[in-house]
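Since the structure comes first, as structure tokens, the remarks are kept for the end.
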Amino acid sequence: MTPTSTPVNGTQPRHVRVGILGAGFGGLGMAIRLQQRGDTDFLVFERAADVGGTWWANTYPGCQCDIPSHLYSFSFAPNPNWTRTYPKQPELRDYLRATAEKFGIYDKVRLNTAVTAARWDADASLWRIETTNGGYTADVVVAAPGPLSEPSLPDLPGLDSFAGTVFHTATWNHDHDLRGRRVAVVGTGASAIQAVPEIAQQAGHLDVVQRTPPWVVPHRDRPITRVERFLYKNFPPLQRAVRAGVYLSRELLVPGLVYRPKLLKVAEKVARKHIADQVPDPELRAKVTPSYTIGCKRILPSNKWYPALGRENVELVTDDIVEIRPEGYVTTDGTLHEVDTIIFATGFYVTDIPLANIVYGVDGEQLAGVWHRSPQAYRGTAMAGFPNLFLLVGPNVGLGHNSIVFMIEAQLNYVLGALEAMRERGAGRVEVRADAVAAYNDRLQAKMGNTVWSSGGCASWYIDANGKNTTIWPDFTFAFWNQTRAFDPAAYELAPVAAGAGATAPGTLRA
Ligand code: NAP
């Protein structure tokens, strides 16, 4: 297959050793780690106008990371200047920009360049990457599309007929002034609980449409003082110690989440007290109190959520939406709720990531077709039938309780190990064995039974269309770190480049 058009400005190499898909935490991290090793033959393809991934895309009011700043950042790029204990979106976006700048990655990033297909060419032993800015080839592809990048809107009858304005929290419409409007926010997940308190201050009236209440705990967010920043800057081990402390405190949740959900009673007590403290109205209290075990869905920190729901201009609607009409939405009790703006905070396509629809492996098999709506990979990273392809934050790498950046860094080590093994063995092709994938996932799924995600009595997006949890890592995160610390060639077929194949030997630069 021939690439469809010439690449950007024609002066850049059309072939690279590593093609990286996405410039969020995963893609940038991969690029930086390669660059640090002197492996400069790579390009990053990013559909957005700048780097940052989810922290570039999500600009809804109140957008903030619910994992502490010191931990939600690269270990190799600490930032002593965080202004809050939990970073707000603009600060995180700026951190990623500054980090890309600092490590000299920007000129390797093809911005406004969406990858439309990636096809394995077995004869040439390389990937053919089609983008909106032309075709490229790469010996190895590292895909870092992010599990939470494609907004999901519910399929509600009549949605197209709505006469007002509709958008998703992940594609916020900044041209739409909410002041004085009648607004409905659909969903009460992590995005909604951050956006609703801000929207409530502007809207004339706000309906919050809740299907399942989240468990919400007090938020420890606060400004970081100038003295603290001075100390972090001048005495870096202190920041590393704080980072380690935050990491370990988060891991304390794992025994409850994974092995004995009863242990989560302590967290539930904290959340129940939060409701008691912040919701005086017994009727509202009943509506916001979940009936499933805490941790079954992501535990959300907020001091503003319950006070926002208690405001005069806010109504919590607990009947499901059955239909949208030009003037508003209709709930199961037959009420027409008149609104002029509907904001969906309804999450993302996670277990059916769009990337899987555009990646074709050996024999042209589509990744989504191979997965059958239950994504699986070896060590969350490699798929049988997809040689020289590594997926960051792949199946069962997700977390509810700790920093995903930790998992990403573990995967980066693993991928670098794979590239090193290819180099050492003169291999042009590395492919995980199907039996290794199956055994790994059997072991992993066997652990799911006792977890709160399986037994906690909730429906969550961690569970795929076949009823399997193919999203969350069911163990301590250091166990994942440990299993990805070194590449394990025994689980792979490593083959030399076929005679006459077009790919370069790993590590060499193709002219
Ligand atoms: P989400 O957690 O998937 O929440 C979606 C919400 O929409 C849920 O309350 C869901 O209800 C509701 N919903 C979906 N379809 C609906 C329908 N047809 N009618 C009514 N309600 C409907 O999505 P999110 O809030 O965007 O968060 C997704 C993930 O992004 C988070 O879990 C987190 O990992 C990440 N995130 C992180 C942060 C952060 O601070 N780090 C911030 C935002 C997001 P049900 O519960 O009943 O399904």
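Okay, so the sequence shown: first residue is 827 according to this note's numbering, each after it adds one. Beta carbons are placed, not taken as given, at the ideal position from N, Cα and C, and that holds for glycine.
Cβ pair residue i, residue j closer than 7 Å
i	j	result
P894	V1072	yes
H1002	T991	yes
M1274	N1295	yes
L1135	V1042	no
L1004	A1029	yes
A1010	V1165	yes
R1255	P1213	yes
S899	N907	no
G855	G972	no
A1236	F1306	yes
L969	L1217	First, the amino acid is wrong: residue 969 is Ala here, not Leu. Yes. Within cutoff.
P1152	H1100	no
L1206	G1226	One detail in the question is off: residue 1206 reads as Gly in this sequence, not Leu. For G1206 and G1226, no; Cβs fall outside 7 Å.
G888	L922	no
P1039	V1114	yes
V870	K934	yes
T1177	D1290	yes
H896	V1068	yes
A996	P977	yes
G1282	Y1118	yes
N938	A875	yes
Heavy atom of the ligand NAP within 6 Å of residue i beta-carbon
i	result
G990	no
A1016	yes
W1287	yes
P973	no
T1172	yes
R1052	no
T1038	yes
R1124	yes
D892	yes
P1106	no
G1243	no
V1143	no
V1012	yes
P977	no
P1081	no
E1180	As written in the sequence, residue 1180 is Pro, which differs from the Glu given in the question. No, Cβ of P1180 sits at least 6 Å from all heavy atoms of the ligand NAP.
P980	yes
Per DSSP, the bridge partner or partners of residue i
i	result
Q862	Paired residues: none, contrary to the question.
V1043	P1127
N1295	I1289
P1049	R910
A964	V842, W953
R936	F871
F993	I1169
A969	L847, L1217
G1136	Its beta-bridge partners do not exist; DSSP assigns none.
H1163	Y1155
D1033	A1010, E1141
Y1186	R945, Q1192
G1224	I1298
Whole-angstrom C-beta distance between residue j and residue i, which should lie under 8 Å
i	j	result
E872	R919	13 Å between Cβ atoms; not a contact.
Q1202	N1267	5 Å
G848	I1234	Actually they do not touch by this definition, with Cβ atoms about 11 Å apart.
L1149	V1143	Checking the displayed sequence, the identity of residue 1149 turns out to be Glu instead of Leu. Incorrect: roughly 14 Å between the Cβ atoms, too far for contact.
P1322	A1253	6 Å
T885	W998	5 Å
A1093	G1121	7 Å
T1167	R1007	5 Å
A798	A1317	Outside the shown range of the chain (827 to 1337) lies residue 798, about which nothing can therefore be said.
Extent of the continuous alpha helix (DSSP H) to which residue i belongs
i	result
I1234	1230 to 1251
L1064	1062 to 1077
A1026	1016 to 1028
L918	915 to 928
T1303	1303 to 1310
V1263	1260 to 1272
E976	Here E976 belongs to no alpha helix (DSSP H), and DSSP marks it neither H nor E.
V1114	1108 to 1114
E1094	1091 to 1104
W881	880 to 883
First through last residue of the beta strand (DSSP E) which encompasses residue i
i	result
T1157	1154 to 1157
E1319	1318 to 1322
A944	941 to 947
beta-carbon residue i near the ligand COA non-hydrogen atom, thresh 6 Å
i	result
D1189	Absence of the ligand COA from the depicted structure is noted, with the ligand NAP being the only ligands included.
Short CB-CB distance (under 7 Å) between residue i and chain D
i	result
S951	Considering every chain present, this structure includes no chain D. It has just one protein chain.
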